[in-house]
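Every letter in the sequence shown is one number past the one before it in this note's numbering, and letter 166, counting from 1, is 832. Quick reminder that beta carbons are idealized off the backbone N, C-alpha and C, glycines included. Inspection log for the structure reproduced underneath, given as structure tokens.
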Amino acid sequence: MRIVLIGPPGAGKGTQAVRLAAHLSIPHISTGDLFREHIDQGTELGQHARTCIRDGLLVPDEVTIGMVKERLARPDAQGGFLLDGFPRNLAQAEALDGILVDPESKLDAVLELEISEAEVVKRVTGRRLCRMDRGHIFHVYFNPPEVAGVCDACGGELYQRDDDREATIRQRLKVYRSETAPVIDRYQAQGFVTTISALGSVKEVLNRALRSIGKE
Ligand code: AP5
Ligand code: MG
């Protein structure tokens with residue numbers, strides 16, 4: 667399947683994407699995670715992305731679209747993928763249409779996670795990520811690790827993202843409303859969007875997501 671997972675920052679996209687991708691045997695492609703890898707590796711692309719991410723702004727399209735195009739061209743993405751965090755504005759949605767122009771490679775679903783901004787702020791400010799594997803996502807209250815600061819899955823050190831401060835979250839939500847909400851409207855007009863609530867336990871949301879795409 668070719669799926670776009672969309673929703674505000676902190677809705678639980680990464681948490682669900684890892685589980686959905688494993689269930690569906692497709693790669694999870696998160697533009698945020700790709701940028702963070704580039705930043706850690708000190709690449710030129712990472713240097714372009716760093717200040718935008720820190721300030722809660724979108725990384726310029728010319729950097730982002732090229733990176734996604736390259737990732738989608740790899741062999742593991744030929745049979746399907748789950749995109750998390752892309753497209754995030756109308757120019758990126760148009761670019762994705764261009765990348766998936768072959769009728770065989772059309773999107774199957776756009777899955778929207780719905781959540782209030784108040785809930786997002788609670789989720790994001792308590793989030794902790796594993797340094798060894800960013801798919802291992804915790805929350806100090808909602809999904810705490812057994813030992814504080816240590817990843818249950820691999821023993822990696824847990825850390826807080828630089829852009830998870832409340833002021834930056836507010837900025838990211840503003841960008842979401844102005845730039846990303848129109849992408850949902852665009853896909854809605856094409857009849858692609860399935861919207862589910864992001865509230866409830868991780869397992870409940872996962873079951874809801876699988877049901878909504880007919881893969882329960
Ligand atoms: P990105 O990394 O994509 O961040 P985001 O969209 O802001 O979303 P988050 O990763 O913050 O949240 P999430 O929905 O994945 O939630 P999570 O599962 O972690 O992007 C970061 C930056 O990169 C952007 O601001 C931008 O600068 C740049 N960027 C990325 N893509 C770009 C693009 N296409 N174009 C331009 N720039 C781009 O969960 C959050 C917390 O909630 C966790 O603590 C988790 O444990 C907890 N949680 C999850 N589910 C539940 C649940 N059911 N109940 C209780 N708690 C839960
Ligand atoms: Mg994420």
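Pick from H805, V841, R793, L773 that is closest to G857, judged by C-alpha positions: L773
Just to check my reading of the structure: T834 and G722 have Cβ atoms closer than 8 Å, yes? What is that Cβ distance to the nearest angstrom? 4 Å
Verify the contact flag: Q707, CB atom, against every heavy atom of the ligand AP5, threshold strictly below 7 Å. no
Pick from F808, L756, L762, C820 that is closest to V841, judged by C-alpha positions: L756
Hey, could you find the ends of the alpha helix (DSSP H) R836 is sitting in? 832 to 841
By how many angstroms is the C-alpha of R720 removed from the C-alpha of A687? 28 Å
Any heavy atom of the ligand AP5 within a distance shorter than 7 Å of the CB on H766? According to the sequence as given, residue 766 is Leu; it is not His. Because no heavy atom of the ligand AP5 lies under 7 Å away, the Cβ of L766 does not count as near it: no.
Quick check: the Cα distance between D727 and Q758, rounded to an integer number of angstroms? 7 Å
Unbroken beta strand (DSSP E) run spanning H805, endpoints: 803 to 805
Ordered along the chain, which non-local residues of its own chain (more than five positions away) have a Cβ less than 8 Å from that of L795? H802, I803, F804, L824, Y825, Q826, R827
Where does F747 sit, in a helix, a strand or coil, going by DSSP? strand
Cα separation between P810 and T730? 32 Å
Within 10 angstroms of its Cβ, does G676 collect 16 or more other Cβ (buried), or is it exposed? buried
Close Cβ partners of P753 (< 6 Å) along its chain, the five nearest in sequence each way excluded: A759, L762, V849
Where E736 falls: helix, strand or coil (DSSP): helix
Going by DSSP, what residues sit across from H694 in a beta bridge? L748
Whose C-beta lies closer than 8 Å to the C-beta of V786 among residues of the same chain, with five residues either side of it excluded? P674, P675, G676, A677, I835, L839
What whole-angstrom Cβ distance do L748 and I669 have, given they're in contact under 8 Å? 5 Å
With a threshold of 7 Å, establish whether the CB of H805 neighbours any heavy atom of the ligand AP5. yes
If I follow the unbroken beta strand (DSSP E) through T861, where does it start and stop? 859 to 863
Spell out the partners DSSP gives I669 in its beta bridges. L748, A775
Do I692 and M667 have their C-beta atoms closer together than 8 Å? yes
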